[in-house]
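Colleague: Handing you this structure, nothing more for now.
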Amino acid sequence: MTARRLTRAEMNHLRRLIGWVRCEVGAEPEEIVTATKKALDHFQGVSEDGKRRLLEHYQKSAAIPKYIRSAIKALEKVCLEDPTEVVDGELVARGRHEVPLRLVVARNEEEIGNGKLD
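The sequence shown begins at 20 in my numbering and counts up one residue at a time.
Dropping the structure here:
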């Protein structure tokens, strides 16, 4: 499989997608239980409507498959972790700029070098 460098715009689209998916998927069920317990320590009573909404939130979170959560974490690792270096693809192709071994975001749409990640 040939790897292709992503443009800055493509990386930004992926970052926005990750944010949107994170909002839709929500916290992990264990995180919801922990947050709920902490919140209940500070509040005296919870209405029936509040209990129902907490239960719905927990059930929605528990219904998300683990492979989806793993895929989100993998995308975050690639797209959101620093350091990500932006390089000029033309300079790399001409051999004037060394391609780092970590993720590279190219400034143009052309393949860099032979198009494979080393």
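No residue lacks a Cβ here, since even glycine has one placed at the ideal position from N, Cα and C.
1) To the nearest angstrom, how far is the alpha carbon of residue 44 from that of residue 36?
2) Three or more C-beta pairs closer than 8 Å, one from the stretch 75-95 and one from the stretch 51-63: is that the case here?
3) Could you spell out where the alpha helix (DSSP H) holding residue 23 opens and where it closes?
4) Going by beta-carbon coordinates alone, are residue 91 and residue 40 separated by less than 8 Å?
5) My output table needs one value for residue 78: the three-state DSSP class, helix, strand or coil.
6) What runs of the alpha helix (DSSP H), each 4 residues or longer, lie entirely inside the stretch 44-88?
7) Where does residue 36 sit, in a helix, a strand or coil, going by DSSP?
8) Here's the rule I'm using: 16 or more other beta-carbon atoms within 10 Å means buried, otherwise exposed. How should residue 71 be labelled?
9) Near residue 59, which residues of its chain fall below 8 Å by C-beta distance, leaving aside the five closest residues on each side in sequence?
Modeller: Reading off the structure:
1) 12 Å
2) yes
3) Unbroken run through residue 23: none, as it is neither H nor E.
4) yes
5) helix
6) 48-61 and 67-81
7) helix
8) exposed
9) 65
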